[in-house]
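Down below is the structure, laid out as structure tokens.
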Amino acid sequence: MNKMNLEIGTPPVDEDAIALEGVFEEARIERLSPVFGASITGVDLSRPLTAEQQVWFRNFLTRYKVIAIRDQDIGHEALERFASYFGEPYTHPMAAAVGQTSAVNELRADEKSTAAFGETWHADMTSEESPPTVTMLRLAVLPPHGGGDTLFADTVTAYERLSAPLKAFLGGLTARHNSGIFSEKYGASGNLPEAIHPVIKNHPISGLPTLFVNTRFTKSIVELGQGESRAVLEYLFHYIAETPDFQLRFRWSKDTLLVWDNRSTQHCAIFDYWPHTRVGYRVTLYEPKTA
Ligand code: SIN
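In my numbering, the protein residues as written are 14 to 304.
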């Protein structure tokens, strides 16, 4: 199989899709868990990648969902260039309020923090009609005694492991997502995004169904009564948060750039390192509508 043919529409489950030969001769891949996640060493993102290498990375991400690219002591310019291989920079509705002026968003928690960003299970900004597709984060300052790990759940596998009757039931439903968290937590007002998405949403590249509800943004299931909706969502939120079989816990190391597919995973940041400092630089990407 030609590895370059795998980008659109074909589930890239064939290991040939991520064969390194001829693309990255010096690189090595290791799994982060038996289910999903992989790390790669021996690539250098301080220089532009070839078109073939860019396609390879997109396949690698679709295949593994969370990828850790080790030893990347890179600045914002190289980070933004690598990000541009995956989509357009997404501007968060809270960006101006937190003083973000470029595509790179600083995530910082220190002795003054009472919470860290992203401490509940979520996929990024599913309250958007076109939610972000890919997010990348590089930690520049790690807490000195460890901690600050990030949990991930594979929502394709979460869907796969539901029973057939529950899959059939959920398959006909849609859910309301809103940005209430930003008004509740940060006092934001104005036009915050809200959207309706299928509860089971197909990944646009692999075509695989994913469980697309999350504690942070999903508020109700459109077709159900209030109590029914609450009960079903509660079950699904607990199922995602409490099934270690399709989760991984990513332990950060210096200069690792972590990239996740926001369409096939959820994540949750752990704030266990207070009063120490953790600083990261994040870029979030999306695919603008062309029509
Ligand atoms: C987030 O993007 O939700 C935060 C992830 C992290 O800080 O580990």
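C-beta: ideal position from N, C-alpha, C; glycine also.
In this text the structure is predicted, and so the values were computed from the model without any measurement.
Backbone CA spacing between residue i and residue j [nearest angstrom]
i	j	result
residue 240	residue 193	20 Å
residue 52	residue 188	34 Å
residue 246	residue 38	46 Å
residue 36	residue 69	8 Å
residue 152	residue 178	42 Å
residue 26	residue 109	Unreliable positioning characterises residue 26 in this predicted model, as indicated by a pLDDT of 47, which lies under 50. The coordinate reading is nonetheless provided below. The straight-line gap from Cα to Cα measures roughly 40 Å.
residue 184	residue 59	43 Å
residue 294	residue 274	17 Å
residue 61	residue 130	30 Å
residue 243	residue 212	14 Å
residue 54	residue 43	9 Å
residue 298	residue 147	5 Å
residue 231	residue 218	23 Å
residue 89	residue 114	13 Å
residue 23	residue 76	Confidence is the limiting factor: at residue 23 the pLDDT is only 44, short of 50, which leaves the residue's position unreliable, though a coordinate-based value still follows. If I take the Cα positions, the gap works out to 11 Å.
residue 254	residue 47	18 Å
residue 112	residue 214	33 Å
residue 73	residue 92	18 Å
residue 127	residue 201	18 Å
residue 21	residue 125	Because residue 21 sits at a pLDDT of 45, beneath the cut-off of 50, its placement in the model cannot be relied upon, and the point is left open.
residue 161	residue 265	8 Å
residue 296	residue 64	21 Å
residue 250	residue 45	23 Å
residue 168	residue 238	25 Å
residue 292	residue 137	19 Å
residue 83	residue 57	9 Å
residue 141	residue 34	39 Å
residue 300	residue 144	8 Å
residue 41	residue 163	23 Å
residue 123	residue 252	31 Å
residue 174	residue 94	37 Å
residue 170	residue 176	12 Å
residue 222	residue 234	18 Å
residue 107	residue 195	8 Å
residue 71	residue 181	31 Å
residue 290	residue 199	21 Å
residue 49	residue 172	14 Å
residue 248	residue 96	35 Å
residue 165	residue 104	23 Å
residue 100	residue 78	16 Å
residue 197	residue 256	28 Å
Same chain only: Cβ atoms within 6 Å of residue i, ignoring 5 sequence neighbours per side
i	result
residue 271	81, 150
residue 86	268
residue 102	116
residue 228	133, 134, 250
residue 236	186
Which of helix, strand or coil DSSP assigns to residue i
i	result
residue 165	strand
residue 32	coil
residue 83	coil
residue 271	strand
residue 21	Note on residue 21: pLDDT 45, under 50, position unreliable in the model; no value is reported.
residue 178	helix
residue 95	helix
residue 68	helix
residue 101	strand
residue 213	strand
residue 113	coil
residue 286	coil
residue 218	coil
residue 240	helix
residue 198	helix
residue 128	coil
residue 141	coil
residue 293	strand
residue 263	strand
residue 14	Low confidence applies here, because residue 14 scores a pLDDT of 38, under 50, leaving its location unreliable; read the following figure in that light. Note: residue 14 maps to coil in three-state DSSP.
Same chain, Cβ closer than 7 Å to residue i, five either side skipped, listed in chain order
i	result
residue 210	139, 187, 188, 190, 225
residue 67	98
Below-8 Å beta-carbon distance, residue i vs any chain C residue
i	result
residue 249	In the structure shown, chain C cannot be found, because there is only a single protein chain.
Same chain only: Cβ atoms within 8 Å of residue i, ignoring 5 sequence neighbours per side
i	result
residue 132	281, 282, 283, 284
Any non-hydrogen atom of ligand 3 within 7 Å of residue i CB
i	result
residue 280	As presented, the structure is devoid of ligand 3, carrying ligand 1 as its sole ligands.
* Which residues, in chain order, sit with a beta-carbon under 5 Å away from any heavy atom of ligand 1? -> For ligand 1, the selected residues are 131, 163, 282.
* Asked: Can you find at least 3 beta carbon pairs, one from the segment 286-296 and one from the segment 142-157, that sit closer than 8 Å?
  -> In short, these stretches touch, since the Cβ pair count reaches three.
* Asked: Three or more beta-carbon pairs under 8 Å between the segment 101-118 and the segment 266-281, yes or no?
  -> Contact check between the segment 101-118 and the segment 266-281: fewer than three CB pairs, one atom from each, fall below 8 Å, which does not count as touching.
* **Stretch pair the segment 198-205 + the segment 249-261: three plus CB contacts closer than 8 Å** => Output reads no: the segment 249-261 does not touch the segment 198-205.
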